[in-house]
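No gaps in the numbering here: position 128 of the sequence shown is 127 in numbering that gives the first Met the number 0, and each next residue is one more.
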Amino acid sequence: MNLRLTRHQRDIWFAVILLLPAVLLLGLTIVSPLVKSVAMSFTDYSLLSPVSQWNHLDNYKQLLSSPDFYHSLKITLIYVACAVALDLLLGLTLALLLNRNIRFRGFFRSIVMIPWAIPTIVTALIFLWIYQSDYGVLNYALVSAGVIESNVNWLQSVDYALTAIIVVAVFRQTPLVAVMILAGLQNISASLYEAAKIDGASGWRLFTHITLPLLKPVISSVTLIMIVNNFQMFTLFFTLTNGGPAGATSSLAILTYDTAFSKYEMGKGSAIGVIWLVMLFTFSLIFTRIMNRDDK
């Protein structure tokens, strides 16, 4: 048997050896837990019982007929829609400002990422103090300015709790959106704007006919990333309200946690995660196809 390998074969084996540790790590940390969760979603597995039995689709039937599931889905969709829309609007505005020839532009570009660099849990704890009903900065500022007459318990109000979480999410995520869009703006040739100005194009036409069309791939990618990240947001909801008050901020992430670790119904909690995964995968696939079709 000829054991000599061609150069191409040696390169392939060398690449396999280099990639094998990363593939094994991904398999142990992502693929294996995912497969286990999917299998668990078809059982009545509970932390209170060492024995689990296969219950077919009972977990899914219970969830799809549960008002709590649809309430959490509604809360999640409202949160994602509002957070992503504000992220894109404010991020685009901030990117356009940072792309202009202003004084200290380098300094502003450097500090803009500070909110994103702060860990989510730290941001949530900071805003816990800001929203504090008795001595929080927000209430003090609004009362002093005459906007409100008395202190408001933002995180314990059914009307304001979800809005308060959205504000924190937008504060933290907008800088990342701005920097990604700014990178896209840097790739637009200045000659396009100069030629359009010579033809008499106004600032609005420059924005709608040059900036936005050329930013479309970047905006599409940013939108998908933000939707996926916000759809699985847990830290802000858990730290700020833990799903309260009265379920006003009970997102799918909170429902999954409560089902699996508060009620100890791991099988049903896994089923929520599987439904969640299928929804995100389906949306991502449809969104990507629509964006690719429009680009052709």
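In this text, a Cβ means the ideal position worked out from N, Cα and C, and glycines have one as well.
Give me the Cα-Cα distance between Leu239 and Pro174, rounded to the nearest whole angstrom.
21 Å
Can you tell me whether Ser283 is buried or exposed, with buried defined as 16 or more other CB within 10 angstroms of its CB?
exposed
Are Gly266 and Ser40 closer than 8 Å when you measure CB to CB?
Taking 8 Å as the Cβ cut-off, Gly266 and Ser40 qualify as a contacting pair.
Would you check if there are 3 or more beta carbon pairs closer than 8 Å linking the stretch 191–210 to the stretch 108–128?
no
Do Tyr78 and Ser250 come within 8 Å of each other at the CB atom, strictly closer than that value?
yes
So, at 6 Å on beta carbons, what are the nonlocal neighbours of Phe233 in its own chain, with the 5 sequence-adjacent residues on each side left out?
Leaving aside the five residues that flank Phe233 on each side, the residues in its chain whose CB is nearer than 6 Å to its CB run, in chain order, Ala252.
Between Leu213 and the ligand GTP, is there a pair consisting of the residue's CB and a ligand heavy atom that are separated by less than 7 Å?
Judged by which ligands are present, the structure shown has none, so any question about the ligand GTP falls away.
Assigned secondary structure, Thr42 (DSSP; H/G/I helix, E/B strand, else coil)
strand
Name the two residues that bound the continuous alpha helix (DSSP H) containing Tyr78.
Pro66 to Leu97
On the CB-based measure, 16 or more other CB atoms within 10 Å of its CB, does Thr122 come out buried or exposed?
buried
Would the beta-carbon of Gly183 fall within 8 Å of that of Leu214?
yes
From Val166 to Trp53, what does the alpha carbon distance come to, in whole angstroms?
Val166 and Trp53: Cα-Cα distance of roughly 43 Å.
Range of the contiguous alpha helix (DSSP H) that encloses Phe170:
Ala160 to Gln185
Closest residue to Leu235 among Leu46, Leu91, Asn138 and Arg171 (Cα-Cα distance):
In terms of CA proximity to Leu235, Arg171 leads the group Leu46, Leu91, Asn138 and Arg171.
Buried or exposed, going by whether 16 or more other CB atoms sit within 10 Å of the CB of Asn58?
Label assigned to Asn58: buried.
Could you name the residues that DSSP lists as bridge partners for Ser249?
According to DSSP, Ser249 bridges with nothing at all.
Here's the rule I'm using: 16 or more other beta-carbon atoms within 10 Å means buried, otherwise exposed. How should Leu124 be labelled?
exposed
Quick check on this structure: which residue in Val15, Val277, Val227 and Asp158 has the alpha carbon closest to the alpha carbon of Gly243?
Asp158
Candidates Gly246, Phe280, Ile29 and Glu148: which alpha carbon is nearest Tyr69's?
Gly246
Taking DSSP's pairing of strands, which residues face Ser132 in a bridge?
Partner(s): none; Ser132 has no beta bridge.
Are the beta-carbon atoms belonging to Val83 and Met225 less than 8 Å from one another?
yes
So, under 8 Å CB-CB, Ser269 and Ser36 are touching, yes? Tell me the CB distance rounded to an integer number of Å.
5 Å between Cβ atoms; contact.
I'd like to know if the stretch 85–96 and the stretch 180–194 are in contact, where contact means that at least 3 CB-CB pairs between them fall below 8 Å.
yes
Look at the alpha carbon of Val217 and the alpha carbon of Ile187, and state the distance between them as a whole number of angstroms.
12 Å
Through-space distance from Arg6 to Ile164, alpha-carbon basis:
57 Å
Given this structure, state the Cα-to-Cα distance separating Thr28 from Asn100, to the nearest angstrom.
46 Å
Rounding to the nearest angstrom, what Cα-Cα distance links Val50 and Phe237 in this structure?
30 Å
Going by the CB atoms, is the gap between Val176 and Val221 shorter than 8 Å?
yes
Taking Cβ to Cβ, would you say Phe230 is nearer than 8 Å to Leu154?
no
Using CA coordinates, which residue listed in Ala38, Tyr263, Thr287 and His208 is at the minimum distance from Leu47?
Tyr263
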